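Protein chains in written order, with this note's numbering: chain A, 49 to 752; chain B, 205 to 635. We put the beta carbon where it would ideally sit given N, CA and C, even for glycine. These numbers come from a predicted model, not from an experiment. Below: the structure, in structure tokens.
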């Protein structure tokens, strides 16, 4: 009892301490943006990663890269404030001093934050604000130095081993991800510095207007409009002093210009928010490019073109200046609306706007996020039906389960279709997109089986797969934190092959996974001796049927992949890891079918091999992408090796349990195994057991 | 299906003659399961090995071999290679699924599907042994040179020693190639190989052949200065020596080197004991000819280490090359080449996924260069060319397999549903 009270006290103390600390890291005051402003801002089109998308999408992934979430939450004077991604980006662009106070950087490992000299929070869940880190002398410098050193080694192709070793160190990897989050934040917070700050150099010699400029600072727009005059004065022989000033001004301009993003420089971070001047040009314009073309690269254009460009570009810079300088004034909303309307009408004229509204709708609906809670509710109801099996209530509840599962599945499929329409291509082309697709396919397969079988077995599997699949999709999206709607490489831009090979192979994956999942039921039922012989027979029949179905699609999909490769690279089969993975699934299924035909395995064997095929499918679906070799080079995601080995370890354990049913306890077997007949089961049992140990060890090695 | 198969299996077992036993084994399910399991393990090992060895060496070790030694844990195990397993699988399939299988017109699915797989295995065999492949570089036409035309392709991986004789005008008169097969295998430090040919008035001694002297950045890390080479006991020629650098995972980045000694022919089958000239030659790219030249009996000769090349039966001219990125990114959206087959004047637009097929050759859009080209630079297109007699076979094989499996599984599904309905009806009746 005393220990209980003591520990309760400890917990209370801890809670108080952490809440105190929390308020210390929060902001003093926060004024919410007018919802009208947020709405205008969210719908503004931006070109990023080769695609025009609403600002909302850009903001969401930007925030996700820093904060691992699409939303931001913090305390203001005890009150919890929730800020959407778009609101946060508004803060970064127009009220950077507020954005810098928001606790946004997540650092799980206190050693990382200590390594740059900042005092760690007591709870790793608490985030750090930009100001909190930058206010510690030299903290940012230390961060840049440490990561700079690491970067040098990582770029050196001859130091591959050393670089792998360094990245495995948790402090190093923590520093690298903190640095990239800080960079991302700085780009956003400094993007409109040029418009807000102007040029802080006295250029009064050039013009009276420079003298009149507020606080000795000239607006960039004015500086650019007077650019020729300034150069002229600087060229005069007696302008030594002026030249010194002008070069300072140029340095400032160049820095702000780079932050705002110029053309030709592949920066994912800056906002390409203006449609190009010419209709033939596809690339949208970042604000920095306007400055560059009006100053440093002015001479590339003829006098006539210069004039035309200035007429087009200067009003845009002036609008940004007026926006950044009048954030609190009521004119802000109308100015932003005018800017947005101008851009939207241009985009409409260019025929690029039609998908923006659809994407906003897609973002708002968040269909995949809808599906998950329904699967979870279906699962809870299903558990309730198990409690009162055979009663009327349970029968009634079963309809509820089916209804929710079907509803969730429809939401899932609608989500997949939405994405497909948005990008105008078949539903799968990135690793992310395979997750909802495979989940959806497996769930539909289950529902079809349930339609014929009506025993509730497949229904339970469908819900489990739905939950796991959608949860995986959500985690993966956060982990990658890149827009999941992607434009495609040249070789993938073939709707015919994306619709045949890719779909077929993913249906194959889905069936192989489903077979393995159903097989679990058999193994546990055998091992724990629950469920009837008939139940196990139905399960085995399902596993067998699903495997046959999967084999058909996996085999045809694999060979079609070869045919595609033959058309694009000139070889049918190249032993590429992804190809090998698909081949291994086919071989696994073929082993199952032929061993069954030859009478070497019976019910139990079918189910154990189905679990093995599940493992092979996980290998082929996720693991080969981590090998960082081969042509199917999509989705190198760091940090998932640990989870892969955990999955392998669990599945090996399931196989071990399954095989153990041969000799420990096997309700369906009449004559016990003995003598030489034991050789194979025993060796397979040992093999599965060793695998389990090895995978557990590998998981421990890859942790962190 | 299952019952008929196991019946056949048992009746065959009753006959105990040795030949029948052998036949049964080679056409049986046991061998099928063993072979498939080996194939599964080999594919896994071969995939994982690519991380360390790269695709080319892993393929050589696992997928193109008869036997190999694999280290599993602490034990070295002798395993059959995929080549051997595939050959046995071909035999097993032909005997088991075609010859021995019961042929019934009512259940044709499996027979059809297995024939499709046999066809694809055969295609793999033909492609492996008879494919000629390489790359063709064609620069954009600029009106002054002929670099936009070519009838030669270069193999990216295999190297060969080219011996060339020039006539008095400096034109190539005779080319003799010491092919990649003669350079392959392991080369120890002191190894040397001699090559003679009746048309060549000298013997070529190749020694100290190294598969690679370049590091990942393309620098000649294996090229040693005279002092370093002497310290390491490496032979020095013209002020340089070479030592091996671990081969690059991407085989096309490897740069070989070798010492060449020329021994002039004295009599019909006798060669001088002293080398007339010697050189250290380093592999050269197709666009940088810098051969080792010398004269024998007043004839100009050169010896060069080049990527293996083939001459096509026709020449190709590049008319136009287009390349387009996704806006604001460096990601290629599309690149394509407009080419003309010179002899017939046939114009073809080659793009990703849309190759040109002509006279048994297939030309694909592979890549472009030079890397990091600025706007306005003269670009080249790189076309991958292959001559594979079994080019389209796998496509037809897929159709056959898909048809066979669909027939089979649909038949099985229907019989399952029929049985299911019957048993459900029986259950309902009994209730």
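DSSP on residue i, reduced to helix/strand/coil?
i, result
"residue 209/B", "Low per-residue confidence applies at residue 209/B: pLDDT is 47, beneath 50, and the placement is therefore not dependable, though the value from the model is reported in the following sentence. DSSP places residue 209/B in helix when its eight states are reduced to three."
"residue 49/A", "Here the model assigns residue 49/A a pLDDT of 40, short of 50, so the residue's position is not dependable and the matter cannot be decided."
"residue 334/A", "coil"
"residue 352/A", "helix"
"residue 276/A", "helix"
"residue 401/A", "coil"
"residue 532/A", "coil"
"residue 305/B", "coil"
"residue 516/B", "strand"
"residue 557/A", "helix"
"residue 80/A", "coil"
"residue 826/A", "For chain A, the structure presents residues 49 to 752; residue 826/A sits outside this window and is missing."
"residue 202/B", "In this structure chain B extends from 205 to 635, so residue 202/B is not present and cannot be described."
"residue 284/B", "strand"
"residue 533/B", "coil"
"residue 526/B", "strand"
"residue 307/A", "helix"
"residue 71/A", "Caution is warranted here: a pLDDT of 36 is assigned to residue 71/A, below 50, making its placement in the model unreliable, and the coordinate value is therefore given only provisionally. Helix at residue 71/A."
Nearer than 7 angstroms: is that true of the beta carbon of residue i relative to any heavy atom of the ligand NAP?
i, result
"residue 711/A", "As far as ligands go, the structure on display features none, and thus does not contain the ligand NAP."
Going by CA-CA distance only, name the one from the options that's closest to residue i.
i, options, result
"residue 520/B", "499/B, 505/B, 543/B, 246/B", "543/B"
"residue 627/A", "604/A, 117/A, 644/A", "604/A"
"residue 591/B", "570/B, 575/B, 562/B", "562/B"
"residue 226/A", "113/A, 731/A, 140/A, 549/A", "113/A"
"residue 165/A", "299/A, 185/A, 584/A", "185/A"
"residue 753/A", "739/A, 671/A, 730/A, 690/A", "Outside the displayed range of chain A (49 to 752) lies residue 753/A, so it cannot be described from this structure."
"residue 328/A", "398/A, 290/A, 612/A, 521/A", "398/A"
"residue 394/B", "406/B, 411/B, 404/B", "411/B"
"residue 126/A", "76/A, 151/A, 94/A", "76/A"
"residue 512/B", "357/B, 321/B, 230/B", "357/B"
"residue 532/A", "203/A, 484/A, 539/A, 493/A", "484/A"
"residue 655/A", "291/A, 567/A, 621/A, 370/A", "567/A"
"residue 560/A", "400/A, 138/A, 657/A, 511/A", "657/A"
"residue 662/A", "642/A, 673/A, 692/A", "692/A"
Could you check if residue i is buried or exposed, using at least 16 other CB atoms within 10 Å of its CB as the buried criterion?
i, result
"residue 704/A", "buried"
"residue 414/A", "exposed"
"residue 439/A", "exposed"
"residue 741/A", "exposed"
"residue 671/A", "buried"
"residue 587/A", "buried"
"residue 90/A", "buried"
"residue 502/B", "exposed"
"residue 395/A", "buried"
"residue 731/A", "exposed"
"residue 743/A", "buried"
"residue 148/A", "buried"
Provide the residue(s) that pair with residue i in DSSP beta bridges, ordered along the chain.
i, result
"residue 546/B", "Paired residues: none, contrary to the question."
"residue 101/A", "94/A"
"residue 560/B", "567/B"
"residue 688/A", "The partner list for residue 688/A (beta bridge, DSSP) is empty, contrary to what the question assumes."
"residue 496/B", "507/B"
"residue 553/B", "542/B"
Ignoring anything shorter than 3 residues or poking outside the region 325-357 of chain B, list the beta strand (DSSP E) runs there in chain order.
336-343
Entirely enclosed alpha helix (DSSP H) segments - the region 105-183 of chain A, minimum 4 residues
133-142, 144-147, 158-163, 178-182
Enumerated in chain order, which unbroken segments of the alpha helix (DSSP H) with a length of 4 residues or greater are wholly contained in the region 240-276 of chain B?
259-262
In chain order, what are the residue ranges of uninterrupted alpha helix (DSSP H) at least 4 long that sit wholly in the region 203-243 of chain A?
208-216, 218-238
Where in the region 370-399 of chain B do unbroken runs of the beta strand (DSSP E), each at least 3 residues long, occur, reported from the N-terminal end onward?
376-382, 396-399
Can you check the region 463-541 of chain A for any beta strand (DSSP E) of at least 3 residues that lies completely inside it and give the ranges in chain order?
none
Runs of beta strand (DSSP E) wholly within the region 400-432 of chain B (minimum 3 residues, chain order)
406-414, 427-429
Alpha helix (DSSP H) runs wholly inside the region 612-678 of chain A, at least 4 long, in chain order
625-645, 651-669
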